[in-house]
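Trainee:
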Amino acid sequence: MFCKIQYQDNIQTEEQTTIIHSQQSIMSVKEENKEFLVNPNSPVQILIDYICEKVGIDKNEEFDICDVDTGELLNIKSLDAFTYATTVMKPKQTYVLVLLEKDQYGQIQRYDPILCKQTKLCVDVLYRIKRRSGRKSSASKELRRSLNRRRSSNSADSSDFDQKTMTHSSRSKK
């Protein structure tokens with residue numbers, strides 16, 4: 001019984017990403033996600049140690065494992081070290097690693113899948129995570145604001161119209 005973990009081979013900081021993006025205009029770099037198998041029939045701490053070693057992230061880094069299909073974060077680091085990963089991982093399922101950026105109160109502010117950013121998988125995973133967490137994207141917030149502005153201006157226009165209509169109808173009755 002195994003699960004797949006997909007990840008980007010060389011994890012980059014934001015500064016490195018900027019350098020690579022500027023270099024991509026010079027040469028085209030084909031990036032692909034890599035994957036490896038894990039045995040969820042093992043204690044969580046062993047699984048975390050193996051994943052960190054394989055992917056090259058620090059054990060103290062804030063990260064989680066995410067179900068690709070549902071966007072569900074497993075909260076793997078909050079489980080007891082000797083709990084078997086089978087309690088949260090399904091056999092033959094694909095998962096991705098997600099770096100978590102938290103604020104001073106421990107609330108997650110940003111999700112950053114450790115995937116190639118240009119892949120459809122990365123976009124899909126981010127969408128599913130945000131949908132599950134109830135957070136709206138900034139684009140949808142802006143769309144809602146725009147719709148609300150239109151509604152309020154339409155209601156103001158309609159109230160002006162109602163007042164003009166009433167004034168006009170009262171004059172015609174006289």
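In UniProt numbering, the protein residues as written are 1 to 174. Every residue gets a Cβ at the ideal spot worked out from N, C-alpha and C, and that includes glycine.
(1) Give me the Cα-Cα distance between Thr58 and Ile76, rounded to the nearest whole angstrom.
(2) Can you tell me whether Met1 is buried or exposed, with buried defined as 16 or more other CB within 10 angstroms of its CB?
(3) For Val98, which of helix, strand or coil comes out of DSSP?
(4) Between which two residues does the beta strand (DSSP E) containing Leu37 stretch?
(5) Ile108 to Asp64, Cα distance in whole Å?
(6) Quick check on Asp124: does DSSP put it in helix, strand or coil?
(7) Could you tell me the alpha carbon to alpha carbon distance between Val38 and Cys3, rounded to whole angstroms?
(8) Asn41 and Tyr105 look like a contact to me (Cβ under 8 angstroms); what is the Cβ gap, rounded to whole Å?
(9) For the beta strand (DSSP E) containing Cys116, name the first residue and the last one.
(10) For Gln118, count neighbouring C-beta atoms within 10 Å of its own C-beta (all shown protein chains included) and say buried if the count is 16 or more, exposed if not.
(11) Using three-state DSSP, classify Pro5 as helix, strand or coil.
(12) Give me the Cα-Cα distance between Gln6 and Asp80, rounded to the nearest whole angstrom.
(13) Going by the CB atoms, is the gap between Val55 and residue 220 shorter than 9 angstroms?
(14) So, for Leu73: in the same chain, excluding its five sequence neighbours on each side, which residues have a beta-carbon less than 6 angstroms away from its beta-carbon?
(15) Here's the rule I'm using: 16 or more other beta-carbon atoms within 10 Å means buried, otherwise exposed. How should Tyr95 be labelled?
Mentor: Taking the definition as stated:
(1) In the sequence as displayed, the identity of residue 58 is Asp instead of Thr. The straight-line gap from Cα to Cα measures roughly 15 angstroms.
(2) exposed
(3) strand
(4) 33-38
(5) 11 angstroms
(6) helix
(7) 5 angstroms
(8) Not really, about 36 angstroms apart at Cβ, beyond 8 angstroms.
(9) Segment: none, Cys116 is in no beta strand (DSSP E) and carries neither H nor E.
(10) exposed
(11) According to the sequence as given, residue 5 is Ile; it is not Pro. The answer is strand: DSSP assigns Ile5 an E or B state.
(12) 24 angstroms
(13) A question about residue 220 goes unanswered here, because the residues of the chain that appear run from 1 up to 174.
(14) Asp64, Cys66
(15) buried
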